[in-house]
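Engineer:
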Amino acid sequence: MKKTHYCIYTFLFVLFSSPFWGAQLHQQMGSNSNISFLQDSVTSGRAITTDTLHPQSNDTIAQDTAQSKKASLDAPVDYAANDSIVFTSDNRGYLYGDSKVDYQTMSIKAENITMSMDSSIVHASYGLDSIGEEFGFPVFKDNGGEYEMKTVSYNFKTKKGYIRNVITQQGEGYIVADRAKKNADDTFFMCDGKYTTCDDHEHPHFYMMLTKAKVRPKKNVVTGPAYLVIEDLPLPLAIPFGFFPFSEKYSSGIIMPSYGDDMDRGFNLRNGGYYFAINDNIDLALTGEIYTKGSWGLAARSSYKKRYRYSGSFDINYIYTKRGDRDIPDTFSESRDMSISWQHSQDPKANMYRTLSASVNYRTSSYNTNNLDVAFTRSGTDNTRSSSINLTQRFPNSPFTLSANVNANQVMSDSTIALTLPNLTATMSRIFPFKRKDAIGPEKWYEKVSLNYTGELKNSITTKNNMLFKSNLVKDWRNAVQHRVQTAATFSALNYLNITPTFSYNERWYSRSITQKWDPAQNKHVLADTTYSFNRSYDFNYNVSFQTRLYGFYEPIFKIGKIQKIRHVFTPAISFGGNPDFTDPRFGSYKKYSYYDANGELQTHLYSPFANEIFTPSSAGRQGNINFSFENNIEMKVGTANDSTKIISLIDNLGINFSYNMMADSLKLSDIGTNMRLKLSKNLTVNLNAVWDPYVYNEKGIKQNEFLIRNGGGLARLVSTGYTISPSINQDTFKKWFGKGGDSTSNDKKKDDPEADLSDADGDIPEEGGPRQSLFNKKQDGGTYDEDGFLKNEIKWNLSINYNMSYVSQFDQKREGFKGVITHNLSFNGSIQPTKNWNFSFNASYDVPNNRISFMTCNLSRNLHCWNITASFNPIGPYATYYVSLRVNSSMLQDLKYEQRSRLSSYDPAWN
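Heads up: the sequence shown begins at 1 in the working numbering, then just goes up one per residue.
This is the structure in structure tokens:
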């Protein structure tokens, strides 16, 4: 078997390397002889090295020249030069200094041009400056095509030419030829040509060496034997012939698949198919994947965009996965998975009254595991997915707004889906029904009365993925309608006190109701019956709020630094609200029945027949709440170095709120909530919150109607607290902290240099409207240097941390007391760019309880001018993998790449 493999490998090596060795032999033979296919056009390679044209005896130009004496040209020849124009007695003209010759659609610009009046031949070449540098390279234009070369000989009559060292851009790439012949149909043949996407034409980092080729400008290149050269090193990667298409139009084409292997599914070809360029607004890519062990998949991807209207993308995938052997039941498994993704956004200028947006991300429960593109990524570890579609219609000169929503939430671990279809909402914004259209005199008190309305219809279900389309619309789906009407008014008393009375009415319509009963066997209340019919429930409440704002100022008696004044803003708010007891039978919102419990005692159970519906039923018990809210804001005014002032926030907000229910029989005081927000810097804000309970609990964890302070336990017990901090720093922030002024130096430089903001990414000034830059010029590095000639390199970096801590007090039945449970969430991400070509970024999550990093992804990239190398790796965790890619930047040569993956996953098996 090994001998068979060796023979096969040897045969393949000889087969694919033979064009390379043939091309090398052809190049050696071609270097010792002239180009035979150029002999019918212009002078030979030896003739064009001189300033004048002396055709050889066997040159076709000599024959054309003889005939041109009898026939004139079809159009006049225009010529010009900046330096001088010299005509000699032998009918020759010499143009020096930025010369130009135009004939019909043809144009030649060069430093030096020589014209033969008898033979209709023009010869153009570059010039040399005082230090021997070449400049003024000939630029040939004809029928929209543009070529730059070092020398050219062109015949006006035959429209043929011979060119040396020509450069032309075709599509994303460049064609560089040592010798080329231009034909009358604007095509040209060339020898020893190079095709590359690297713009360093003197020494490209890589190119396809074309031994012989025909170029059809803006259409294609057809080549004979060609091989790959990287950093001037020929590689035995050759092709016997090649075809490089060019197109300035949006065109369709084949998508080449990528090759891979998987331990469970075998060798594969993935992401291959066909791309349809439907029109300028929409495209479509149909791709597929196939595995040697029977798995396969199909995908359709489309992007669409209409300027000033809308844009979006649609992606649907279907994969069939087969693992194991059918003859071994314990190892065999098969699954069918689907993924649907739709992203749609509407331009705000498209329609100011109607808006449509969509974000659909639906996947079957095992899709993340079976799809190789997401299996080992952070997206593949997400346990929940959300989708929504929103349509909003507003009416001109009307307070009404209609909206329709579709929402879906998936839990991937147990294939649960919660779907709301549809969710219709009608809203009437606040109006003043009693306000006069033509007001005369002061505003009346009743003109301040406002009214708003919200109506909502919901239809939802929570089930498993495989049961969604088997569900019953009446029995399994929950649906209801809710109406909310609110009227309010704001009055001012004593110029400082705002009084706002509010009255709200809520009504709900249900399509079903339940009846409960006592089950002695289970010793609990159970569902007895469900009635499907129209049911109505309503409630209402009222509220009166009083709010004002107090200001306090403090000026330090003794000077403390540059502190000028401290301001304290105190905002107290007190409101009184209430509602009746809706458990009263006259409201029809609650039912009750009597039963004997396990001890034989008669009990009464009160329940709502709409307890499990979408909208929460009316509250039980009378409410007469007095709500208290107190907020504080403290700021400080300080002076700056330039004799101005700035405001520093000491406490952005410090608040406390609680309520007292006068109608309750017991436990009238609610929990006490506190919150604080601190702005430590522009990029650092800390939010803290806490909830306190003022009551005592017994040994069973039941709240007693007795205050904690009376039992010597303090004012209140901490129920829960938490805070969030999200600092973010970068190189500019770091400089400001240590007194280096951030990026003020660069800003000052931009102010002094009016062209600083006009430079491109490489530091060059745009050439729009300026002189044309030669393709032969060497590319500048685009860096900036100090006075000593050293390259300035600013290291750019940023670091963001997101930390969240929460504390919850829970009652422990064994300890007969409360214990605190603390949870932490820590994530951080950042990037650093040590040079303009290197970039490193990372994203990580830290598991605080287990004291380890739970997930980390790192990305390292290096810009190699026309190539790019990237490395992505997950160094820790169950998805520890790496991926290295070296590829050409050009999209046209995207298949010219080298990839290396880790061998720790099923996609990259570990051979032990």
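Built from N, CA and C at the ideal position, the CB exists for glycine as well.
TYR274 to THR292, Cα distance in whole Å?
Structural biologist: Their Cα atoms are separated by approximately 21 Å.
Engineer: Can you tell me the Cα-Cα spacing of LYS668 and TYR660, whole angstroms?
Structural biologist: Whole-angstrom Cα-Cα distance: 5 Å.
Engineer: Residue range of the beta strand (DSSP E) that TRP797 falls in?
Structural biologist: Segment 796-812, the beta strand (DSSP E) holding TRP797.
Engineer: Any idea if GLY441 is buried or exposed, counting beta-carbon neighbours within 10 angstroms, 16 or more meaning buried?
Structural biologist: Exposed, by the Cβ-count rule.
Engineer: For the putative contact between PHE135 and MET149, defined by C-beta atoms under 8 Å, what is the C-beta separation to the nearest angstrom?
Structural biologist: The pair is not a contact, with the Cβ atoms about 14 Å apart (cut-off 8 Å).
Engineer: Would you list the one or two residues that DSSP bridges to SER252?
Structural biologist: Looking at the DSSP assignment, SER252 forms no beta bridge with any residue, so it has no partner.
Engineer: Write down every uninterrupted run of the alpha helix (DSSP H) in the segment 211-240 whose length is 4 residues or greater and which is fully enclosed by it, in chain order.
Structural biologist: You should have found no qualifying run.
Engineer: Quick one: is SER891 buried, meaning 16 or more other Cβ sit within 10 Å of its Cβ, or exposed?
Structural biologist: Result: exposed.
Engineer: Let me know the beta strand (DSSP E) ranges lying completely inside the segment 516-588, each 3 residues or longer, listed in chain order.
Structural biologist: Entirely contained in the segment 516-588, the beta strand (DSSP E) runs reaching 3 residues are, in chain order, 524-547, 550-554, 563-579.
Engineer: Output yes or no for whether 8 Å exceeds the beta carbon distance between SER800 and GLY830.
Structural biologist: For SER800 and GLY830, yes; Cβs fall inside 8 Å.
Engineer: Excluding the 5 residues flanking SER906 on each side, which residues of the same chain have their C-beta closer than 7 Å to its C-beta?
Structural biologist: At SER906 the pLDDT is 41, less than 50, meaning the model places this residue with poor confidence; the figure from the coordinates comes in the next sentence. Here the set comprises ASP262, MET263, ASP264.
Engineer: Just confirm the distance between the C-beta atoms of TYR532 and VAL474, as a whole number of angstroms; I'd bet it's less than 8 Å.
Structural biologist: The pair is a contact, with the Cβ atoms about 6 Å apart (cut-off 8 Å).
Engineer: Is the segment 812-819 in contact with the segment 830-842, if contact means three or more CB pairs nearer than 8 Å?
Structural biologist: As far as the Cβ criterion goes, the segment 812-819 does not touch the segment 830-842, which means the pair count is below three.
Engineer: Taking only runs that begin and end inside the segment 91-118, name each unbroken beta strand (DSSP E) of 3 or more residues, in chain order.
Structural biologist: The segment 91-118 contains these whole beta strand (DSSP E) runs: 92-103, 106-116.
Engineer: In three-state DSSP terms, what is GLU899?
Structural biologist: GLU899: strand per DSSP, three-state reduction.
Engineer: Measuring alpha carbon to alpha carbon, tell me which residue in SER450, GLU111, LYS159, PHE189 is nearest TYR103.
Structural biologist: The option with the nearest alpha carbon to TYR103 is LYS159.
Engineer: Would you kindly work out how many angstroms separate the C-alpha atoms of LYS751 and ASN317, rounded to a whole number?
Structural biologist: At LYS751 the pLDDT is 42, less than 50, meaning the model places this residue with poor confidence and gives no usable figure here.
Engineer: When you compare each of VAL691, ALA690, ASN705 to TYR697 by their alpha carbons, which one comes out closest?
Structural biologist: Nearest C-alpha to TYR697: ASN705.
Engineer: Check the C-beta distance from ASN689 over to THR721 and give it rounded, since I have them as a contact under 8 Å.
Structural biologist: So it is a contact: roughly 7 Å between Cβ atoms.
Engineer: Could you give the residue range of the beta strand (DSSP E) that holds THR645?
Structural biologist: First-last of the beta strand (DSSP E) with THR645: 645-661.
Engineer: DSSP three-state call for TYR496: helix, strand or coil?
Structural biologist: Coil, per DSSP.
Engineer: What residue does the alpha helix (DSSP H) around TRP737 start on, and which one ends it?
Structural biologist: Segment 731-737, the alpha helix (DSSP H) holding TRP737.
Engineer: To the nearest whole angstrom, what separates the beta carbons of LYS212 and CYS191, a pair I think is in contact under 8 Å?
Structural biologist: Indeed they touch by this definition, with Cβ atoms about 6 Å apart.
Engineer: Does the distance from the CB of HIS205 to the CB of TYR174 come in under 8 Å?
Structural biologist: Cβ atoms of HIS205 and TYR174: not closer than 8 Å.
Engineer: Would you decide whether PRO609 is buried or exposed? Buried here means 16 or more other CB atoms lie within 10 Å of its CB.
Structural biologist: Counting Cβ neighbours within 10 Å, PRO609 comes out buried, since at least 16 surround it.
Engineer: I'd like to confirm something about ASN452: is its beta-carbon nearer than 7 Å to some heavy atom of the ligand FMN, or not?
Structural biologist: Among the components modelled here there is no ligand, and therefore nothing to report on the ligand FMN.
Engineer: Going by the CB atoms, is the gap between VAL411 and ASN370 shorter than 8 Å?
Structural biologist: No, they are not a contact pair.
Engineer: Straight-line CA distance for ALA528 to SER806?
Structural biologist: Each residue's Cα considered, the two are about 41 Å apart.
Engineer: Going by alpha carbons, who is nearest to TYR538 out of SER545, THR784, ILE557, GLY588?
Structural biologist: For the residues SER545, THR784, ILE557, GLY588, the minimum Cα distance to TYR538 belongs to GLY588.
Engineer: Would the segment 484-494 count as touching the segment 586-600 if we require 3 or more Cβ pairs under 8 Å?
Structural biologist: Flag = no, the segment 484-494 and the segment 586-600 do not touch.
Engineer: What number of angstroms, rounded off, separates the C-alpha of ILE230 from the C-alpha of GLN170?
Structural biologist: Going from the Cα of ILE230 to the Cα of GLN170 covers about 21 Å.
Engineer: Here's a check: name, in chain order, each residue in its chain whose Cβ is nearer than 8 Å to the Cβ of TYR542, leaving out the five neighbours to either side.
Structural biologist: Within the same chain, TYR542 has close Cβ partners PRO501, THR502, PHE503, SER504, GLY577, GLY578, ASN579.
Engineer: Quick one: residues in its chain with C-beta nearer than 6 Å to the C-beta of ILE853, no 5 flanking neighbours on either side, listed in chain order?
Structural biologist: These residues qualify, in order along the chain: ALA844, TYR846, ILE876.
Engineer: Would the beta-carbon of SER809 fall within 8 Å of that of ARG717?
Structural biologist: The answer is yes: Cβ separation under 8 Å.
Engineer: Would you mind sorting ASP337 into buried or exposed? The rule is 16 or more other CB atoms within 10 Å of its CB.
Structural biologist: That one is buried.
Engineer: State the start and end residues of the unbroken beta strand (DSSP E) segment that holds ASN698.
Structural biologist: First-last for ASN698: undefined, no H or E at that position.
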